[in-house]
Amino acid sequence: MAKRIITRKISKILKILALLLLVTIAIISCSKLTKENYDKVRIGMDYNEVVNIIGDPKECDSLLNAKNCIWGDENRSIEIKFVANKVVFTSSKGL
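All letters in the sequence shown, in the order written, are residues 249 to 343 by the working numbering.
As C-alpha cells, then:
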C-alpha cells in the first residue's frame, strides 16, 4: 500500500516537471529576439515597424531627435539607433 502511494506521488511529480519543461521550451521558442527577426530590420524602417518585428525594447535612451534602443540582455541582444524615428544603425550580439 505504501509503495503504491509513493509511486503515485512520484508519477505526479514527474508529470508536473514534464509540464514545466514544455512550458519553458514554449516560452523560449516564442522569443522574438532571433537572428531571423534581426535580419528583417532595415535601415530607414520606422520605430513601430521594428517593434512589430522584435517586440518592445528593454530600454531606450533619447537625446534630441535620436533614440538608442536595446532588446535582450548582456548575452543576447539587439541594439538599434533611430534618428527622426527611423533606423540608422543596427547591431546584435549572441543571436
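Note that beta-carbon positions come from the ideal geometry of N, C-alpha and C, so glycine has one too.
Everything numeric in this text was worked out from a predicted model, so none of it was measured.
Given 8 Å, three or more beta-carbon pairs between the segment 304–321 and the segment 330–340: yes
Ranges of the alpha helix (DSSP H) found wholly within the segment 297–332, counting only runs of at least 4: none
Close beta carbons around Arg290, own chain, < 8 Å, minus the five adjacent residues each side: Val335
CA nearest to the CA of Pro305, picked from Lys288, Ile318 and Ala314: Ile318
Reference Ile301; option with closest CA among Ile258, Lys315, Glu284 and Leu268: Glu284
Gly342 beta carbon less than 7 Å from that of Leu281: The Cβ-Cβ distance between Leu281 and Gly342 does not fall below 7 Å.
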